[in-house]
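Asker:
Chains as they are written, first to last, in the numbering used here: chain A, 1 to 245; chain B, 1 to 245.
#1: Output yes if chain B places a C-beta closer than 7 Å to the C-beta of residue 51(A); else output no.
#2: By how many angstroms is the C-alpha of residue 57(B) removed from the C-alpha of residue 261(A)?
#3: Indicate whether at least one CB of chain D lies closer than 7 Å to the CB of residue 125(A).
#4: On a Cα-Cα basis, can you pick out the residue from 231(A), 141(A), 12(A) that is closest to residue 229(B)?
#5: Taking the alpha-carbon of residue 64(B) as reference, which of 161(B), 24(B), 178(B), 83(B) has the nearest alpha-carbon?
#6: If you drop the 5 nearest sequence neighbours on each side, which residues of the same chain put their C-beta closer than 6 Å to that of residue 163(B)?
#7: Per DSSP, residue 79(A) forms a beta bridge with which residues?
#8: Counting only beta-carbon separations shorter than 7 Å, does residue 22(B) have a partner in chain A?
#9: Rounded to whole angstroms, what's the CA-CA distance from residue 2(A) to residue 13(A)? Just pull it up for me.
#10: For the candidate residues 119(A), 103(A), 110(A), whose alpha-carbon lies nearest to that of residue 69(B)?
#11: Who are the neighbours of residue 69(A) on chain B, taking C-beta pairs under 7 Å?
#12: So which of 177(A), 215(A), 155(A) has the shortest CA-CA distance to residue 144(A)?
#13: I want to verify the contact list: residues of chain B whose CB lies under 8 Å from the CB of residue 32(A), in sequence order.
#14: Determine the closest residue to residue 239(A) out of 202(B), 184(B), 120(B), with distance taken between C-alpha atoms.
#15: Roughly how many angstroms separate the alpha carbons of residue 34(B) and residue 227(B), rounded to a whole number?
#16: Compute the Euclidean distance between the alpha carbons of residue 95(B) and residue 179(B), then round it to the nearest angstrom.
#17: Could you give the first and the last residue of the continuous beta strand (DSSP E) run that contains residue 58(A)?
#18: Bridge partners for residue 132(B) per DSSP, in chain order?
#19: Would residue 103(A) and residue 212(A) be called neighbours here (beta carbons separated by less than 7 Å)?
#20: Just checking: is the beta-carbon of residue 173(B) within a distance shorter than 7 Å of some beta-carbon in chain A?
#21: Quick check on residue 24(B): does DSSP put it in helix, strand or coil?
#22: Using three-state DSSP, classify residue 10(B) as helix, strand or coil.
#23: Which residues in the same chain as residue 88(B) place their Cβ atom closer than 8 Å to its Cβ, once the five residues preceding and following it in sequence are excluded?
#24: Measure from the C-beta of residue 80(B) to each C-beta in chain A and report whether the shortest distance is under 7 Å.
#25: Residues of the segment 182-199 of chain B with a CB closer than 8 Å to any CB of chain A: list them in chain order, please.
#26: Mapping the DSSP letters down to three states, classify residue 5(B) as helix, strand or coil.
#27: In chain B, which residues lie with their C-beta within 8 Å of the C-beta of residue 214(A)?
#28: Can you tell me whether residue 197(A) is buried or exposed? The criterion is at least 16 other CB atoms within 10 Å of its CB, across all chains shown.
#29: Looking at C-alpha atoms only, which residue of 119(A), 177(A), 21(A), 77(A) is the closest neighbour of residue 100(A)?
#30: DSSP three-state call for residue 30(A): helix, strand or coil?
#31: Could you tell me which chain B residues have their CB closer than 8 Å to the CB of residue 46(A), listed as they occur along the chain?
#32: At 8 Å on the CB atoms, spell out the chain B contacts of residue 130(A), in chain order.
#33: Opposite residue 217(A) in the DSSP bridges: which residues?
#34: Please report the straight-line C-alpha distance between residue 232(A) and residue 50(A), rounded to a whole angstrom.
#35: What three-state label does DSSP hand residue 211(B) in the structure shown?
#36: Classify residue 183(A) as helix, strand or coil using the three-state DSSP reduction.
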């Protein structure tokens with residue numbers, strides 16, 4: 001048809017956009033039409049990201065290097081240090097299929113849209129059968145080129161959790177061992193990963209001298225643009241500072 | 001040629017892999033061969049991720065829902081609260097092109113592979129011309145379905161920085177205003193975003209009563225599998241606990 005005959009080629013369209021001073025082109029391609037991604041690539045487009053049934057490509061037309069925002073750069077792992085304050089014991093696991101059998105806190109990758117504390121509570125329950133409640137964030141680790149993160153970075157957060165059940169029924173697929181271990185023993189043993197050993201010492205310090213010494217607690221705030229709420233974690237702020245105006 | 005004639009179709013190969021008990025197939029497709037992504041999609045493959053010049057597709061063949069690991073879920077933004085301890089003033093900016101002119105700490109998205117503190121120092125310099133040094137992490141915010149994160153989540157960290165230069169030369173493209181503001185005034189003003197106001201109060205508490213009250217400090221540890229080092233942030237741990245064996 002006439003429409004098809006006069007439909008300009010992608011090269012022509014890009015040339016016109018460049019003349020008109022546009023700085024960037026975004027192109028969304030449904031997966032079943034992916035041959036268009038190859039056509040666009042021949043014009044200089046590259047993948048920005050892809051998820052499920054579509055890919056998004058970009059072409060930078062502005063001066064200098066691209067100033068387009070990148071895509072998500074981090075996966076988030078969350079572990080739970082579940083401390084039974086009445087006995088001074090903490091919940092630890094050993095992963096299956098590792099070359100080194102080291103004790104660590106149960107945890108795993110957060111699901112899309114899942115809050116930090118919810119990931120910790122869910123992963124602890126899935127791995128150990130223990131129910132618990134989020135109390136605070138204890139530590140944050142950032143690691144780049146993380147194995148298994150597809151070239152991306154890893155953020156790993158350890159939370160302090162309070163148990164509400166105590167009978168272990170651990171996941172045999174994921175864990176080799178799971179037990180309630182004396183916190184002081186965990187802080188001292190050589191059979192723990194360096195980060196576990198370090199956070200065990202931190203937790204012991206808090207257990208003995210007050211959790212306010214080690215906790216990042218959570219407060220909720222309204223987000224100004226979206227109308228949603230967000231969670232902010234930081235050291236406890238005294239009342240007198242919180243209410244100052 | 002004979003090779004091409006006897007080359008099995010993707011459907012046949014997938015059927016055989018399923019029979020042989022494989023639980024998943026990963027497929028990497030160069031962008032210029034993207035028509036194969038459409039062919040694979042017709043067999044049930046979906047995008048796992050794509051970056052620059054290739055896409056990666058997956059097909060789950062195991063029982064139940066896919067247990068394949070997802071791709072990066074978070075972008076990371078980092079801001080710097082640069083406090084001049086000799087004057088009690090802190091560096092603040094107002095963004096250009098916002099509906100509300102609120103004071104905030106300079107900051108921006110981390111580059112791939114960039115450490116938290118390095119992002120804060122770089123962004124502060126790019127936006128304000130001020131040179132500074134990383135001291136600690138003050139707060140962490142997690143926000144889902146963040147505007148501008150392509151449906152992904154946002155992690156936003158505010159760091160405490162110490163200035164080593166003091167003459168502002170701010171980026172006119174990004175900032176409307178930039179100034180050294182009295183920290184107490186920032187903690188009290190209504191013209192600041194809620195998170196800025198809250199972290200200003202926290203910083204004022206630390207400035208008056210000791211930064212050890214508010215800081216998450218950094219320690220470096222060896223990563224057991226990669227041989228690289230990673231940075232761990234948590235509350236300062238007394239020497240007696242750090243060295244316990």
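Cβ coordinates follow ideal geometry from the N, Cα and C atoms, glycine included. For clarity, every value in this text was computed on a predicted model and none was experimentally measured.
Answerer: Let's see:
#1: Closer than 7 Å to some Cβ of chain B, the Cβ of residue 51(A) qualifies, so yes.
#2: The structure shown has nothing for residue 261(A), since chain A only spans 1 to 245.
#3: The displayed structure is made up of protein chains A and B, and chain D is not among them.
#4: Of the candidates 231(A), 141(A), 12(A), the one whose C-alpha sits nearest the C-alpha of residue 229(B) is 141(A).
#5: The residue from 161(B), 24(B), 178(B), 83(B) with its alpha-carbon nearest to that of residue 64(B) is 24(B).
#6: The residues are 82, 84, 130, 132.
#7: According to DSSP, residue 79(A) shares a beta bridge with 107(A), 158(A).
#8: For residue 22(B), the answer is no, since every Cβ of chain A falls outside 7 Å of its Cβ.
#9: Bear in mind that the predicted position of residue 2(A) carries a pLDDT of just 42, short of 50, making it unreliable; the figure below should be weighed with that in mind. Distance between the alpha carbons of residue 2(A) and residue 13(A): 18 Å.
#10: Residue 69(B) has its Cα closest to that of 110(A), out of 119(A), 103(A), 110(A).
#11: Per Cβ cutoff of 7 Å: 109, 148.
#12: Ranking the options by Cα distance to residue 144(A), first place goes to 155(A).
#13: Residues of chain B passing the Cβ test: 38, 41, 42.
#14: Out of 202(B), 184(B), 120(B), the CA that lies nearest to the CA of residue 239(A) is found in 202(B).
#15: Cα atoms of residue 34(B) and residue 227(B): separation of roughly 36 Å, rounded to the nearest angstrom.
#16: For the pair residue 95(B) and residue 179(B), the Cα-to-Cα distance works out to about 12 Å.
#17: For residue 58(A), the enclosing beta strand (DSSP E) begins and ends at 54-60.
#18: Note: residue 132(B) is bridge-paired with 163(B) in the DSSP secondary-structure output.
#19: Not closer than 7 Å, so no.
#20: No, residue 173(B) lies away from the interface with chain A (no Cβ there is under 7 Å from its Cβ).
#21: Strand.
#22: Annotated three-state conformation of residue 10(B) is helix, per DSSP.
#23: Annotation for residue 88(B): 182, 183, 184, 207 place their beta carbon closer than 8 Å to its own, counting only its chain and skipping 5 residues before and after.
#24: Taking 7 Å as the threshold, the shortest C-beta distance from residue 80(B) to chain A does not fall below it.
#25: With the criterion set as a beta carbon lying under 8 Å from some beta carbon of chain A, the members of the segment 182-199 of chain B are 187, 188, 193, 194, 195, 198, 199, in sequence order.
#26: Below a pLDDT of 50, predicted positions are generally treated as unreliable, and residue 5(B), at 45, falls in that range; no measurement from the model is reported.
#27: Listed along chain B are 234, 235, each with a C-beta nearer than 8 Å to that of residue 214(A).
#28: It counts as buried.
#29: The shortest C-alpha separation from residue 100(A) is found at 177(A).
#30: Note: residue 30(A) maps to strand in three-state DSSP.
#31: Residues of chain B passing the Cβ test: 31, 52, 53.
#32: The premise fails here: residue 130(A) is roughly 22 Å from chain B at the closest Cβ pair, so nothing lies under 8 Å.
#33: DSSP output for residue 217(A) lists 234(A) as bridge partner(s).
#34: Their backbone Cα atoms lie some 30 Å apart in a straight line.
#35: Helix, per DSSP.
#36: Residue 183(A) falls in the helix class under three-state DSSP.
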